[in-house]
Amino acid sequence: MAMNLALFSLFLGVAIVFAIVPTIIGGGYGDEDCGDLLGNDVYKDRCPETEAIIYAGVRLAVFEDPRMAASLLRLHFHDCFGCDASVLLDDNDNFVGEKTAAPNLNSLRGFEVIDAIKQDLEIVCPQTVSCADILAVAARDSVVVSGGPSWDVQMGRKDSFTASKSLANNNIPGPNSTVATLVSKFQNVNLSLKDMVALSGAHTMGKARCTTFTARLQGSTNPNGPEASLEYVQSLQQLCSDSDGNTLANLDLATPATFDNQYYLNLLSGEGLLLSDQNLATGDDQTRELVETYAQDPSAFFEDFKDSMVKMGSLGAVTAMNGEIRRDCRSVN
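Under mature numbering (1 follows the signal peptide of the UniProt record, and there is no 0), the residues of the sequence shown are numbered -19 to -1, 1 to 314, in order.
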């Protein structure tokens, strides 16, 4: 991908870009020693072009591949329960990285987009903007360019010195998780049931491989819940019948490239692709109530999603002396 075009277009039309990009406001700080806090205006003095460069890179990547919006959002999700850019690190002699963990292998993508954005930032502001902050802002911008809401991304993260495949395997919920498992995984990092249901709405975009939703090919596995749409199940069975398991299906058939509340409408009609998604509507009264709320009121979903993204983005953020600003997002300095 010729991502240098993003940097070129940025300086041709920087005024226009800044008018479009959601700006960060508020009383933050601009010094190098940010302590254990995240804040606003972190790069105001040291690299004021930060958000415009990230937005330009995301916009170009999504223009070239609409699926990339979901991929960049998912990268941030899988980095968090840590939010330290550990997911970007390649294996080295000291550790096995997270890219080959079960939830990530042959699934995560968009690394080259982050690489290109980082390269553009290094030209303008060498070793100033962390890879972890790039992931957080790119996730927000991926939602924005797909028709979703904007929010103020708190920044000031540092990049980790290491990664852990075992933690990635243990912490990231699987596609067949029960509601109890989902709630437990999220509560372990101080995210609530409401946060979990709101953040699950990210599955209004993107795709999943047949191997991740084999349980859905048999219809509803909850005897107390509504049966999955027969037509929907048959379409999935046909899609995956001659597949090696790697055929992709849209998480949302109706509007797969748009960030909206269609995901929750799908759950209520029995058309959640992943069992973990469908369980939100059939496996628990509290989660179903939230699903119904978000299905009826997209603005309620947008507001709760924004709040939960800010909360998630602060999880385990590495700051001060516990991390670094990587020159290359794939390796420590």
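Yeah, the Cβ is synthetic: ideal placement off N, Cα and C, and Gly gets one too. Note that the coordinates shown come from a computational prediction; the quantities given were computed from them, not determined experimentally.
Inset, instruction - Identify the continuous alpha helix (DSSP H) that holds ASN247 and give its terminal residues. - result: If you number the sequence shown from 1, residue 247 lands on position 266. 243 to 249 is the span of the alpha helix (DSSP H), which, as asked, contains ASN247.
Inset, instruction - Helix, strand or coil for ASN73, going by three-state DSSP, please let me know. - result: For the purposes of this step, residue 73 is taken as residue 92 along the sequence shown, with counting starting at 1. Residue state, collapsed to three classes: coil.
Legend entry - Inter-stretch contact at 8 Å, needing at least 3 Cβ pairs: the region 25 to 45 / the region 80 to 90: Result no; under three Cβ-Cβ pairs closer than 8 Å.
Legend entry - Per DSSP, cross-strand counterpart(s) of GLU305: Locating residue 305 in the sequence shown gives position 324, counting from the first residue. For GLU305, DSSP records a beta bridge to ASP140.
Legend entry - Length of the line joining the Cα atoms of ASP114 and GLN215: For the purposes of this step, residue 114 is taken as residue 133 along the sequence shown, with counting starting at 1. For the purposes of this step, residue 215 is taken as residue 234 along the sequence shown, with counting starting at 1. Distance between the alpha carbons of ASP114 and GLN215 is about 42 Å.
Inset, instruction - Kindly list the residues whose CB is nearer than 7 Å to the CB of VAL77, restricted to its own chain and excluding five residues on each side of it in sequence; keep chain order. - result: Here residue 77 corresponds to residue number 96 of the sequence shown, with the count starting at 1. Contacts found: LYS146.
Legend entry - Beta-bridge partners of LEU229, as assigned by DSSP: Locating residue 229 in the sequence shown gives position 248, counting from the first residue. ARG190, per the DSSP bridge assignment.
Legend entry - Nearest to residue 317 (by Cα), restricted to the options LEU89, ASN303, MET186: There is no way to answer for residue 317, as the model of the chain reaches only from -19 to 314.
Legend entry - The alpha helix (DSSP H) enclosing GLY38, as first and last residue numbers: Along the sequence shown, read from residue 1 onward, the residue named residue 38 stands at position 57. Element bounds for GLY38: 31 to 45.
Legend entry - Contacts around VAL291, its chain only, beta-carbon distance under 7 Å, and the 5 residues preceding and following it disregarded: Position 310 of the sequence shown, counting from 1, holds the residue named residue 291. The beta carbon of VAL291 is closer than 7 Å to those of TRP132, GLN135 in its chain, skipping five residues each way along the sequence.
Inset, instruction - Measure from the alpha carbon of THR236 to the alpha carbon of each residue in SER222, ASN152, HIS184, then state which is nearest. - result: Locating residue 236 in the sequence shown gives position 255, where the first residue counts as 1. Just measuring C-alpha positions, the residue of SER222, ASN152, HIS184 sitting nearest THR236 is HIS184.
Inset, instruction - Give, in chain order, every unbroken run of the beta strand (DSSP E) that is at least 3 residues long and sits entirely within the region 270 to 303. - result: Runs of the beta strand (DSSP E) lying entirely within the region 270 to 303 and spanning at least 3 residues: none are present.
Legend entry - DSSP beta-bridge partners of SER312: The residue you call residue 312 lines up with position 331 of the sequence shown. Its beta-bridge partners are ASP309.
Legend entry - Per DSSP, cross-strand counterpart(s) of GLY20: Counted from its first residue, the sequence shown places residue 20 at position 39. DSSP, once it has assigned bridges, lists MET136 as partnering GLY20.
Inset, instruction - May I have the straight-line CA-CA distance separating ASN75 from TYR275, to the nearest angstrom? - result: Working through the sequence shown from its first residue, we reach residue 75 at position 94. Working through the sequence shown from its first residue, we reach residue 275 at position 294. Cα-Cα distance, rounded: 45 Å.
Legend entry - Status (buried if at least 16 other CB within 10 Å, exposed otherwise) for MET302: Taking the first residue of the sequence shown as position 1, residue 302 is located at position 321. Answer is exposed; the Cβ neighbour count stays below 16.
Inset, instruction - May I have the straight-line CA-CA distance separating SER181 from ASP122, to the nearest angstrom? - result: For the purposes of this step, residue 181 is taken as residue 200 along the sequence shown, with counting starting at 1. For the purposes of this step, residue 122 is taken as residue 141 along the sequence shown, with counting starting at 1. Here the C-alpha atom of SER181 lies approximately 18 Å from the C-alpha atom of ASP122.
Inset, instruction - Could you work out which residue in VAL126, GLU305, LEU56 is closest to GLU45 when comparing CA atoms only? - result: Here residue 45 refers to the residue found at position 64 of the sequence shown. The residue with the shortest Cα to Cα distance from GLU45 is VAL126.
Inset, instruction - Rounded to whole angstroms, what's the CA-CA distance from LEU217 to CYS191? Just pull it up for me. - result: For this step, residue 217 is matched to residue 236 along the sequence shown. For this step, residue 191 is matched to residue 210 along the sequence shown. Taking the straight line from one Cα to the other gives about 8 Å.
Legend entry - Under 8 Å between C-beta atoms of ALA144 and HIS57: Mapped onto the sequence shown, residue 144 falls at position 163. Mapped onto the sequence shown, residue 57 falls at position 76. No, these two residues do not count as a Cβ contact at 8 Å.
Legend entry - For ARG55 and ALA89, the rounded distance between their alpha carbons: Counted from its first residue, the sequence shown places residue 89 at position 108. Counted from its first residue, the sequence shown places residue 55 at position 74. Note that residue 89 is Leu in the sequence shown, not Ala. Those two C-alpha atoms are separated by around 7 Å.
Inset, instruction - Please confirm if the region 240 to 254 is in contact with the region 267 to 285, defined as three or more CB-CB distances below 8 Å between the two stretches. - result: Enough Cβ pairs lie closer than 8 Å, so yes.
Inset, instruction - Taking all protein chains shown into account, decide if ASP71 is buried (16 or more other Cβ within 10 angstroms of its Cβ) or exposed. - result: By one-based count along the sequence shown, residue 71 stands at place 90. ASP71 is exposed by the Cβ-count criterion.
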